[in-house]
Every structure is written in C-alpha cells, then in structure tokens.
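Asker:
Numbering (the working numbering), first residue to last: 75 to 263.
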C-alpha cells in the first residue's frame, strides 16, 4: 500500500497528510481486472471513483466504427466518468484494462462525505480535478507533433505503455495505422 500511496501523491502538487491519506484509503476496496476487462462501459451510469494501483488502463470512445484511444491511466491515476459523477448521465468514455490491473474503488457517497468533512481532502480533490485539465492540455500539445514525435514523446515519458500495451492500442492513441507504427518503430531502432 505504501507504493500505491506514493503513486497517488505524485498525481498532484497538493499532498495529503498521512492521516488524511490513511482515512481516504480506508474507504477503498480493491478490484482486480484481467487484460481486456471493462471498468467503465460507455453508455452506463457509473459514478464511482477509481484509482489505479497496478497495471495500465485506457480511456477510449467510438468515432463512427473506429475505436479511438484517448489516454492511459497508470499507477496513481484517478479515473472518473465525469458525465456520471457530476450529472448522473451515462459514461461517454470507456475505460478498460490494457494488461492485468488492480484498481481501488471508492463510492461517490463516501468520496463526497470526505470532501464535506475534511477541508484538506476537499482542496486535494479540487487540485486533482485541475491536474486532470492540465494533463488534457499537455496531451493536446504532444499530439500536435508528427507521428514520430508523438511516438518519441511516449517512449521518453511513458515507456511502460510501450512495454505492456498492444501495438494496436498504441497506434490508436497515436492516431496512426498499425503498419505505420511498425515503420516508425523500425526507423527509430
């Protein structure tokens, strides 16, 4: 659990005290996912809060008949369907496991109760939401480069994704075909 707490604390600049972190962790239940298991299904109502403990999950959606990978979630990453959590609407994105993974689950009611009871936790939750927007902008800046630049950024910043995630999913994330991703990998070897 120490490694999990460390990963979670690295997700945002605002750090929880050990006491509040322990209180938050006491609300969590562990959920195991096999590669390919869906955590949040597009179209379902799911207002739980999930935090990746081990493994890699991806956020995706359908664009016509094409599945598009939007982002990856690694250890410490908080996963929320904002459509469901904030507005009680069905999830727009799907979250599924790219490899065998473990997530910690917190019910919305418990999460909000802790926000209401603990100012420090409320500040942390706000900081996490702000960081989510920041990382969205960072990803947008990264995807503006060429396919080779995007692949190199992934290789530099998140090599574990390239080690554990199928090339088909990586190609979807980079916005290229599987064949083009293979050519990029050969060029860079």
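Note that CB positions come from ideal geometry on N, CA and C, so glycine has one too.
#1: From 94, 249, 207, 258, pick the residue whose C-alpha is nearest to that of residue 142; which is it?
#2: Give me the Cα-Cα distance between residue 156 and residue 140, rounded to the nearest whole angstrom.
#3: Looking at the secondary structure, which residues open and close the beta strand (DSSP E) in which residue 103 lies?
#4: Classify residue 231: buried if its beta carbon has 16 or more other beta carbons within 10 angstroms, exposed otherwise.
#5: Can you list, in chain order, the residues of its chain whose CB lies under 8 angstroms from that of residue 94, leaving out five sequence neighbours each side?
#6: Going by Cα to Cα distance, which pick from 138, 178, 122, 98 is closest to residue 160?
#7: Would you call residue 263 buried or exposed, if buried means 16 or more other Cβ atoms sit within 10 Å of its Cβ?
#8: Can you look up residue 96 in the DSSP assignment and give me helix, strand or coil?
#9: So, does the stretch 122 to 133 touch the stretch 99 to 113, judging by three or more C-beta pairs under 8 angstroms?
#10: Restricting to Cα atoms, I'd like to know which of 247, 164, 201 is closest to residue 89.
#11: In the DSSP assignment, what residue or residues form a beta bridge with residue 124?
#12: With respect to the beta strand (DSSP E) encompassing residue 258, which residues constitute its N-terminal and C-terminal limits?
#13: Tell me whether the beta-carbon of residue 125 lies closer than 8 angstroms to the beta-carbon of residue 82.
#14: Note the first and the last residue of the continuous alpha helix (DSSP H) segment covering residue 82.
#15: What does residue 136 pair with, by DSSP beta-bridge criteria?
#16: Quick one: any contact between the stretch 94 to 104 and the stretch 160 to 171, if contact means 3 or more CB pairs under 8 angstroms?
#17: Can you tell which of 212, 259, 103, 239 has the C-alpha that lies nearest to the C-alpha of residue 182?
#18: Over what stretch of residues does the alpha helix (DSSP H) that includes residue 235 continue unbroken?
#19: Starting from the Cα of residue 78, find the closest Cα among 223, 244, 177 and give me that residue.
Answerer: Straight from the coordinates:
#1: 249
#2: 23 angstroms
#3: 103 to 107
#4: exposed
#5: 192, 194, 195, 198
#6: 122
#7: exposed
#8: helix
#9: yes
#10: 201
#11: 153, 179
#12: It is not in any beta strand (DSSP E) - residue 258 instead sits in the alpha helix (DSSP H) that spans 252 to 262.
#13: yes
#14: 76 to 83
#15: 141
#16: no
#17: 103
#18: 233 to 238
#19: 177
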